[in-house]
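Following the working numbering, the numbering of the sequence shown begins with 11 at its first residue and continues without gaps. The structure appears below as structure tokens.
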Amino acid sequence: MKRLLIPFAFFLAASPCYADIHHTISKSTSLTVGGAQTHSKRIGSSFAISGSGVDVTNGTTAGTISTGTITSGVYSPGTIAATQNATSGESFSFSQSYNQADALATSAPTTGAVQNFSDITSTAGGTAGSLAGTITDTAIGLTAGGHNTTAIGQIINEIVVK
11 MKRLLIPFAF FLAASPCYAD IHHTISKSTS LTVGGAQTHS KRIGSSFAIS
61 GSGVDVTNGT TAGTISTGTI TSGVYSPGTI AATQNATSGE SFSFSQSYNQ
111 ADALATSAPT TGAVQNFSDI TSTAGGTAGS LAGTITDTAI GLTAGGHNTT
161 AIGQIINEIV VK
């Protein structure tokens, strides 16, 4: 029996293992401070009038609609009076609408400040403040900065065995 164990001992002995092991650690930090920006749109004036079965006047002349005035880029419609031109009780229609424009700016806008326009988006400039980022092999340390800042940290640990 002992003679049989000797040949089998070679089979039980550890054989060498051949393998490729590749280990990669990638680290990155991105710190961003946003710039100030302002986007604004100035809306213009619009005026519409329509009617049937009415007489109109600008207050002075019958059958006339005032052209209005424009001051600092803003249209102001003139006075319009409408009276029914048929017998009382008969059908008529009259409609008028007006959207006032934003006033023209008299100076350049201040970035990050809100102006008097109808459609505006304003973002103040970022400040780094205490914005910071550190990365070791096992930990990410990010410190928030002031407003309009971004801090991103990343660790990629890859092990490939073939």
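All residues carry an ideal CB built from backbone N, CA and C; glycine is no exception. Values in this document were obtained by computation on a predicted structure and should not be read as measured data.
The Cβ-Cβ distance between A111 and I75 does not fall below 8 Å. In its chain, beyond the 5 residues on either side, G88 have a beta carbon closer than 8 Å to the beta carbon of T77.
Closest option to T93, judged by alpha-carbon separation, among A161, N109, S107, G63: G63. V66 sits buried, since 16 or more C-beta atoms from the chains shown fall within 10 Å of its C-beta. Beyond the five residues adjoining it in sequence on each side, H49 comes within less than 6 Å, by CB distance, of T131 in the same chain, given in chain order. Contiguous beta strand (DSSP E) elements confined to the stretch 74-144 occur at 79-81, 84-86, 91-94, 103-109, 129-133, taking only those with 3 or more residues. Of the other Cβ atoms in all chains shown, fewer than 16 fall within 10 Å of the Cβ of G83; this residue is therefore exposed. Around N109, the same chain offers S56 as residues with beta carbons nearer than 6 Å, after the five sequence neighbours per side are excluded. Comparing C-alpha distances from L41 to each of D147, A138, T148, A29 shows the shortest one belongs to A138.
The DSSP-derived three-state label of G69 is coil. Scanning its chain for C-beta atoms nearer than 6 Å, with the 5 sequence neighbours on each side dropped, one finds around N158 the residues G44, G136, in chain order. Taking the Cα positions, I165 is about 11 Å away from G151.
With fewer than 16 other Cβ atoms inside 10 Å of its own Cβ, G99 counts as exposed.
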